[in-house]
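Numbering (the working numbering), first residue to last: 1 to 126. See structure below.
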């Protein structure tokens, strides 16, 4: 197996194993210097660089997806918290309004009673 085949095989093995790929890592795996890949195999150098940038893009995408998932979970938790707090506030507002309505009815009953007494007095006075 010649050096080119060794380098190509090392690239394939590293990709299959999910290892981080770089020119230095491939050279080390093959037992050659990185300058050999740069100088004698510029096509393989470009291939390695493309694969490396693809790995970085995938890692960035995975990192972004994890961040998005985390933020979505936090957002959902905050929405639930706000919903619960709003529900509690609505319940308190309802109780307060009910109390006011009861006070108004009580005052109405008192006014009605006073009106009836006054009408009765006026009726007797005639």
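Ideal Cβ positions, reconstructed from N, Cα and C, are used throughout, including at glycine. Just so we're clear, the structure is a prediction, and the values are computed from it rather than from any experiment.
Expressed to the nearest angstrom, what Euclidean distance is found between the alpha-carbon atoms of residue 54 and residue 63? 14 Å
DSSP three-state call for residue 69: helix, strand or coil? helix
Measuring only the C-alpha atoms, how far is residue 41 from residue 72? 46 Å
For residue 93 and residue 101, what's the separation of their Cα atoms in angstroms? 12 Å
Do residue 21 and residue 52 have their beta-carbon atoms positioned less than 7 Å apart in this structure? It is a contact, given that the beta carbons lie within the stated cut-off.
Name the residue from 44, 18, 105 and 123 whose alpha carbon lies nearest to the alpha carbon of residue 56. 18
Distance check for residue 15 and residue 39, CA to CA, integer angstroms please. 23 Å
Residue 41 by DSSP, collapsed to three states: which one? In the structure shown, residue 41 adopts coil according to DSSP, grouped into three states.
Is the Cβ-Cβ distance between residue 30 and residue 11 less than 7 Å? Not closer than 7 Å, so no.
Would you kindly work out how many angstroms separate the C-alpha atoms of residue 88 and residue 79, rounded to a whole number? 14 Å
At the level of alpha carbons, what is the spacing between residue 68 and residue 84? 24 Å
By the three-class DSSP mapping on this structure, what secondary structure does residue 127 have? What is shown of the chain runs 1 to 126, which leaves residue 127 out entirely.
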